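Quick note on this note's numbering: the sequence shown kicks off at 10 and runs consecutively. For every residue, glycine included, the Cβ atom is placed at its ideal position computed from N, Cα and C. No experiment lies behind these values; they were computed from the predicted model shown. Below: the structure, in structure tokens.
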Amino acid sequence: MEENFELVDKFGRKHNYLRISLTERCNLRCTYCMPPEGVELGPKSQYMTADEILDIASEFVAMGVTKIRLTGGEPLIRKDFEQILRSLASLKVEIAITSNAVILDKYLDLFKELGVKNLNLSLDSLHKDKFSTITRRNYFDKVMANIQLFLAEGFKLKINTVLMKGFNEEEIIPFIEWAKDKDLHVRFIEFMPFDGNNWNMDKMVSLAEIQTIVKNHYPQEQVLRIADKPNDTAKNFKIEGYKGTFAVISSVTNPFCDSCNRIRLTSDGKLKNCLFSGGESDLLTTLRAGGSIKKLILQNLAQKLKVRSGKNTLEDFKNEDWHKTNRSMVRIGG
Ligand code: SAM
Ligand code: SF4
10 MEENFELVDK
20 FGRKHNYLRI
30 SLTERCNLRC
40 TYCMPPEGVE
50 LGPKSQYMTA
60 DEILDIASEF
70 VAMGVTKIRL
80 TGGEPLIRKD
90 FEQILRSLAS
100 LKVEIAITSN
110 AVILDKYLDL
120 FKELGVKNLN
130 LSLDSLHKDK
140 FSTITRRNYF
150 DKVMANIQLF
160 LAEGFKLKIN
170 TVLMKGFNEE
180 EIIPFIEWAK
190 DKDLHVRFIE
200 FMPFDGNNWN
210 MDKMVSLAEI
220 QTIVKNHYPQ
230 EQVLRIADKP
240 NDTAKNFKIE
250 GYKGTFAVIS
260 SVTNPFCDSC
270 NRIRLTSDGK
280 LKNCLFSGGE
290 SDLLTTLRAG
300 GSIKKLILQN
310 LAQKLKVRSG
320 KNTLEDFKNE
330 DWHKTNRSMV
340 RIGG
């Protein structure tokens, strides 16, 4: 990273990774993410156009961002997704995408052409009925077929699996076994609280519980801890002899804020310096008024707190009033 890198907060963390939410809309309705009726959308003019996304992203790249992830809502359902992807690809940064994989096949050729290789795909159950229960939609067969297709095409896939007590924690071992012969990285995610998702601590499956389930199933010497990469949000593991690997993203019980390098742009053009921050800076309004978004970006980053936007302890997490101060996940961009 260059000496004069600008996106540094007061704790010395360098922010070279921008996550852009392209939309608040989604073709699924995952219970932990959004209400059954979807979220209330604002007028179209409230959201960034393809050109505005490029303008804002270009400013970040000029300030030192080297990786951009497109997320949402479901990023692939935006009608101008191809235009957005092509324009961002011209910025010469690493591009990654998080998707629910329902319409992934539509973009196979485009991703190949533009060299987009890293995809994080959500899948919370290996059972069709449970998939429908959690997503409130019946796209299991499409999602599984698309995962197989992209694996066969040599993409680097990570599977995001949100674990919920009494729902899918008994699928931890089946997921690890499913990846045994596949070049797949399964990431078990602790269920996090956001506005309207009825979170409580008892519904969450923690890192410690996941480790116990794994240790009870496999001989201890076969469970190998893999070295984490710089800025990794996950604790990585492997079962000896297995091709696939797995990890736990423990944002609730073991945050990884020390090495955080992420900043987030919502689809309505607001900058969030943390997934858990209630405060936002309105880049889009400033951009439209011809003002300096660079100044706003630097001010926003200067306000970034050390750990989870001030939610330092597990006790802080239990405060339901706080859950309402943040947007729902689908409106932030996970
Ligand atoms: N629609 C895309 C998808 O599902 O991959 C991208 C957006 S989604 C909000 C991004 C990630 O956030 C998904 O992997 C999803 O499982 C995760 N997520 C959503 N709500 C969550 C919650 N309450 N706790 C933990 N992870 C959550
Ligand atoms: Fe849609 Fe992704 Fe949220 Fe599920 S997790 S409702 S797929 S945005």
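In its own chain, which residues sit with a C-beta less than 6 angstroms from the C-beta of residue i, not counting the 5 before and 5 after it?
| i | result |
| --- | --- |
| residue 295 | 302, 305 |
| residue 125 | 104 |
| residue 128 | 106, 164, 166 |
| residue 109 | 37, 83, 131 |
| residue 63 | 96 |
| residue 32 | 81, 82, 87, 276 |
| residue 42 | 338, 339 |
| residue 141 | 147 |
Under the rule that 16 or more other beta-carbon atoms within 10 Å means buried, what is residue i, buried or exposed?
| i | result |
| --- | --- |
| residue 136 | exposed |
| residue 268 | exposed |
| residue 82 | buried |
| residue 423 | Nothing can be reported for residue 423, as the shown portion of the chain is limited to 10 through 343. |
| residue 80 | buried |
| residue 207 | exposed |
| residue 290 | buried |
| residue 78 | buried |
| residue 49 | exposed |
| residue 309 | buried |
| residue 172 | buried |
| residue 322 | exposed |
| residue 221 | exposed |
| residue 28 | buried |
Kindly list the residues whose CB is nearer than 8 angstroms to the CB of residue i, restricted to its own chain and excluding five residues on each side of it in sequence; keep chain order.
| i | result |
| --- | --- |
| residue 25 | 10, 14, 16, 73, 74, 75, 76, 270 |
| residue 292 | 65, 274, 278, 279, 280, 302, 305, 306 |
| residue 184 | 135, 168, 170, 195, 197, 255 |
| residue 353 | Limits of the chain in this structure are 10 at one end and 343 at the other, which puts residue 353 out of reach. |
| residue 162 | 117, 121 |
Leaving out five residues on either side along the sequence, give the residues of the same chain with a beta carbon under 7 angstroms from the beta carbon of residue i.
| i | result |
| --- | --- |
| residue 249 | 231, 233 |
| residue 180 | 134, 135 |
Measure the beta-carbon distance from residue i to residue j and round it to whole angstroms, keeping in mind my assumption that it falls under 8 angstroms.
| i | j | result |
| --- | --- | --- |
| residue 252 | residue 313 | No, residue 252 and residue 313 are not in contact; Cβ-Cβ is about 38 angstroms, not under 8 angstroms. |
| residue 156 | residue 166 | 7 angstroms |
| residue 114 | residue 174 | Their Cβ separation, rounded to whole angstroms, is 33 angstroms, which puts residue 114 and residue 174 out of contact at 8 angstroms. |
| residue 19 | residue 311 | 7 angstroms |
| residue 259 | residue 178 | The Cβ separation is near 14 angstroms, so there is no contact. |
| residue 92 | residue 59 | 5 angstroms |
| residue 44 | residue 205 | 6 angstroms |
| residue 257 | residue 216 | 5 angstroms |
Which residue or residues does DSSP assign as beta-bridge partners of residue i?
| i | result |
| --- | --- |
| residue 246 | 234, 255 |
| residue 167 | 129, 194 |
| residue 103 | 76 |
| residue 158 | DSSP, once it has assigned bridges, lists no residue as partnering residue 158. |
| residue 17 | 23 |
| residue 281 | 273 |
| residue 28 | 78, 273 |
| residue 213 | 173 |
| residue 89 | Paired residue(s): none; residue 89 is not in a bridge. |
| residue 290 | 280 |
| residue 108 | 130 |
| residue 355 | The question about residue 355 has no answer, for the chain in this structure spans 10 to 343. |
Give the residues whose C-beta lies closer than 7 angstroms to at least one heavy atom of ligand 2, in chain order.
Result (chain order): 35, 37, 38, 39, 42, 43, 81, 82, 83, 109, 131, 144, 338, 339, 343.
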